[in-house]
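One structure is given here, and the rest of the page talks about it.
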């Protein structure tokens with residue numbers, strides 16, 4: 001049986017691997033959509049993992065915050081796609097959803113290709129981590145859409161929170177809990193982002209609000 005320290009070390013490796021893949025995907029998707037925001041995102045590791053109280057069997061809740069402009073522009077899709085129009089601008093159809101969708105550009109498809117390729121398997125096996133039982137499922141129609149992923153026995157729920165702003169505030173660092181002042185500063189910035197989306201009264205961002213408020 002592996003010790004808790006060994007499990008936490010594996011989780012840290014998987015989080016860093018996942019963040020690297022997300023960064024590559026975001027950079028590529030922004031470039032394709034002629035948007036210069038490929039490095040502009042924040043990652044939140046939620047729950048007991050964030051508080052460093054997670055046990056060996058605890059799963060990971062991971063939220064990626066990034067500008068909506070990096071994805072397919074909402075107005076263009078809504079005007080030309082009947083399925084997107086039927087969704088009432090609340091979400092894209094699976095063909096145009098570039099996070100949870102089944103199209104070749106989506107993060108879900110990108111991660112499936114990355115998880116199952118030979119280089120990834122060899123990279124994990126070199127670290128001593130078996131890829132047996134690995135899976136990825138996209139649950140895009142849920143109240144809070146998620147990518148449900150299991151890699152080397154580590155289960156993760158990946159959530160997206162696209163926001164209607166051109167940039168993420170530079171001083172926003174949700175993973176930094178060094179002291180109460182920093183935590184309160186990050187909480188204030190996050191609340192301002194959420195309040196801004198609420199004031200827009202745009203149904204499209206309701207799911208981002210749900211993800212960020214945890215409600």
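In full-length UniProt numbering, the protein residues as written are 1 to 215.
Every residue gets a Cβ at the ideal spot worked out from N, C-alpha and C, and that includes glycine.
Every value quoted in this text rests on a predicted model; they were computed, and no experiment measured them.
Asked, Found
"Among 114, 117, 95, which has the Cα closest to the Cα of residue 82?", "95"
"Look at residue 43 and residue 134 and say whether their C-beta atoms are less than 8 Å apart.", "no"
"Quick check on this structure: which residue in 126, 211, 150 has the alpha carbon closest to the alpha carbon of residue 279?", "Residue 279 lies beyond the stretch modelled for the chain, which goes from 1 to 215, so this question has no answer here."
"Helix or strand or just coil, what does DSSP make of residue 127?", "coil"
"Suppose you measure from the CA of residue 66 to the CA of residue 167; what does that come to, to the nearest Å?", "8 Å"
"Given a cut-off of 8 Å, decide if residue 45 and residue 15 are closer than it, judged by their beta-carbon atoms.", "yes"
"Identify whether residue 116 lies in helix, strand or coil by the three-state DSSP scheme.", "coil"
"Would you call the CB atoms of residue 146 and residue 136 closer than 8 Å?", "no"
"Report yes or no: do three or more beta-carbon pairs, one from the stretch 102-109 and one from the stretch 200-208, lie closer than 8 Å?", "no"
"Using DSSP with H/G/I as helix, E/B as strand and the rest coil, what is residue 137?", "strand"
"To the nearest angstrom, how far is it from the Cα of residue 154 to the Cα of residue 112?", "16 Å"
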